[in-house]
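Counting with our numbering, you get residues -9 to 301 for the letters of the sequence shown.
Notes for the one structure printed next.
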Amino acid sequence: MIDVVVFFFLLGVFARLVRSDLRLPEALYETLSIYLLLAIGLKGGIELSRQPLMTLLPQVGATMALGLLIPFALYPVLRALRLSMADAASVAAHYGSVSVVTFAVASAALTRQGIPYESHASLWVAVMEAPGIIAGILLARLSRLREVRWGTLAHEVAFGKSVLLLVGGLLIGAIAGEAGTAPIRAVFVEPFKGVLALFLLELGLVAGARLAEVRRFGLAVIGVGLIAPPVLSLAGAAVGLMLGLSTGGVALLATLAASASYIAAPTAMRIAVPEANAGLSITAALGVSFPFNILVGIPLYIALAKALTGA
């Protein structure tokens, strides 16, 4: 069965298609996104406080390498589709980075099905955000690396909203531990799924508005948006197996590899590669891949993980 939060996404898409006047205030959207990023970071940090950091270094290294290599794998395919160097690099960077909301939906689906996963899995989200973006910039600027404003870019990647909140939440949770964060559990743990549902309602509205853009960009963006996620999920699942992760962990890493960023990557690429068509990248990531992953992909990745681990 489909997780209940997915129906909120579908409601948003339907509202846009029938031209409803349904809108979420922009301030509420910002508040919800801040909440989700902090809550995911805190949860991972609390679990991180229960185990030695050194034991997680292989996972950190492997997930960072995965995020770094995905754009290099996608780039020649995108160039073969006759995308410009800048556009191919930008799209590749979006798929090298990750979607924290897709991760949240996958986590909720695993919990609902009673499939355990590594409690520190949100650490993977934090470390996979930046490498794909850096790889995309390198691809776009192979012949003109001196033109990149590295200082501005480094500040944006390291201290942008998504990375700062995720890493900040991880550190707070790791330092305070379960006992220290107990007073805020009623705010950041128990209401999480309800807040996620509201956020997906807004993303449904946004994705519904992007359908016209999908038609404008044509078959290339549809093909990339639909084919890239399941292919990349195989790479994520393979890394998960190599690391000896649980069935749920393999499913989550496959989901992260299949997801595409529509928060951190668009901002960073706008600074580093301004000549790229931002609409093309965000349409592929949010207009095509995000709905695919939410509706079809996550159940597939969970089934893939079960098959590979013999669960």
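C-beta atoms are modelled at their ideal positions from N, C-alpha and C, and glycine is treated no differently.
query	result
Burial state of residue 230, where buried means 16 or more other Cβ atoms lie within 10 Å	buried
Where the alpha helix (DSSP H) through residue 16 begins and ends	16 to 38
Through-space distance from residue 270 to residue 207, alpha-carbon basis	7 Å
Straight-line gap, residue 237 to residue 106 (C-alpha atoms, nearest Å)	8 Å
6 Å Cβ shell around residue 77 - same chain, five flanking residues per side excluded	266, 267, 270
Beta-carbon proximity check, residue 142 vs residue 261, cutoff 8 Å	yes
Option nearest residue 218 by Cα separation, candidates 155, 159, 282, 28	282
Nonlocal neighbours in the same chain, by C-beta distance under 6 Å from residue 110, ignoring five residues either side	34, 37, 38
Pair within 8 Å by beta-carbon distance, residue 125 and residue 222	no
Assigned exposure category for residue 177 - 16 Cβ within 10 Å defines buried	exposed
Residue 227 beta carbon less than 8 Å from that of residue 240	yes
Cα-Cα separation, residue 132 to residue 75	10 Å
Cβ pair residue 50, residue 117 closer than 8 Å	yes
Given 8 Å, three or more beta-carbon pairs between the stretch -9 to 1 and the stretch 190 to 198	yes
Member of 169, 121, 48, 272 whose CA lies at the smallest distance from the CA of residue 32	169
Completely contained alpha helix (DSSP H) runs for the stretch 180 to 223, where each covers 4 or more residues	182 to 199, 201 to 207
Residue 42 - DSSP class collapsed to helix/strand/coil	coil
Among 183, 155, 224, 128, the one whose alpha carbon lies nearest that of residue 259	128
Distance between beta carbons of residue 277 and residue 204, contact taken as under 8 Å	5 Å
Cutoff 8 Å; reference residue 72; Cβ partners in own chain excluding five residues on either side	210
For residue 111, the three-state DSSP class (helix, strand or coil)	coil
Reduced DSSP category for residue 291 - H, G, I as helix; E, B as strand; rest coil	helix
Coarse secondary structure for residue 265, derived from DSSP in three states	coil
8 Å Cβ cutoff met for residue 93 and residue 249	yes
Residues near residue 100 by beta carbon distance below 6 Å, same chain, minus five either side	107, 238
Spatially closest choice to residue 235 from 298, 284, 9, by CA coordinates	298
Among 85, 55, 44, the one whose alpha carbon lies nearest that of residue 216	85
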